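See structure below.
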Amino acid sequence: QWLEKKSGVIRQKMMGKRVNYAARTIIAPDCMLDTNEVGVPAEFARKLTIPMPVNQYNLARAEQLVRNGAERYPGCAGYQDLQGRRVDFSQVARFAQGLSSKNHVLFRHVVDGDVVLMNRQPSLHRPSILAHYVRVLGSERAFRLHYANCSSYNADFDGDEMNLHCLQDCLAQSEARELLNADCHYAVPKNGEPLRGLIQDHVVAGNLLTVRDTF
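Numbering of the sequence shown is given in our numbering, commencing with residue 1483 and proceeding in unit increments.
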């Protein structure tokens, strides 16, 4: 019995892993989000970072992020030096004045519109990991998801937890947008059955809207 189930030594002690640039918390429903959005607590958005190469097109924005620093949102937590090492800010204002558009990479906070991966364990089929667009929330502590995502993740809102992963390069972000967009995975890969759609309140609301003399 010490090998079996979640409480067994294999799943409890030997299979645990830690990753950077990720977050985990409880999920809650929010029908005001788009079906491919995820609501992320502001506290998480300040802790998670995404690399932003500085160029001539985003130099002004990069300077403002540096001045905001790690504590003021939206800002950045550090930068990558010429040797490829990550450096946290010590003299923020001086670094902002010398910011170059050729060789700096900033580690900025997560903001609205960033693409991230969402996953609910156990990952039993392909739609268990999908890409969503971030909408930063206020002082909450839970991820927010639209009801249409429940079937994809086999999730409900009775205490389920999910993982968020921040993508760390442009190629991964592009693949997520084009190949993993949650709205594009609307059928079960195994047999083509519908996977995403309106449920419960949404179906009733659609019926009520079509009743005669509603408008």
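Every residue gets a Cβ at the ideal spot worked out from N, C-alpha and C, and that includes glycine. Since the structure is predicted, the reported quantities are computational estimates derived from the model, not experimental observations.
With fewer than 16 neighbouring CB atoms inside 10 Å of its own CB, E1643 falls in the exposed class.
When the alpha-carbon of A1552 is set against those of L1541, N1673 and F1526, the nearest one is in F1526.
Closest in C-alpha terms to H1586, from the list N1645, G1560 and P1609, comes G1560. Of the residues S1489, F1697 and Y1503, the one whose Cα lies closest to the Cα of V1592 is Y1503. By the Cβ-count criterion, R1554 is exposed, with fewer than 16 other Cβ atoms from all chains shown falling within 10 Å of its own Cβ.
DSSP, reduced to helix, strand and coil, places A1524 within a helical segment of the structure shown. For L1691, DSSP assigns no beta-bridge partner whatsoever. For N1550, same chain residues with a beta-carbon under 8 Å away, outside a window of 5 residues either side, are P1556, G1557 and C1558 in chain order.
In the structure shown, Y1615 falls within a strand segment according to DSSP collapsed to helix, strand and coil. In the displayed model, A1669 falls within a strand according to three-state DSSP. The continuous stretches of beta strand (DSSP E) do not include N1550, which lies in the alpha helix (DSSP H) extending over residues L1541 to N1550.
For V1522, the CB contacts under 6 Å within the same chain, skipping 5 residues up- and downstream, are V1616 and V1618 in chain order.
Counting the other CB atoms within 10 Å of its CB gives S1621 a total below 16, which places it among the exposed residues. Contact annotation: the segment 1537-1544 does not touch the segment 1646-1658, with fewer than three C-beta pairs closer than 8 Å. Contact between A1510 and R1626 holds: CB atoms are separated by about 6 Å, below the 8 Å threshold.
Beta-carbon to beta-carbon, L1612 and H1667 are separated by about 6 Å, close enough to satisfy the 8 Å threshold.
If you check the CB distance, R1590 and M1534 come in under 8 Å.
Here L1588 carries a strand assignment [DSSP, helix/strand/coil]. Rounded to the nearest angstrom, the gap between the Cα atoms of M1514 and K1487 is 38 Å.
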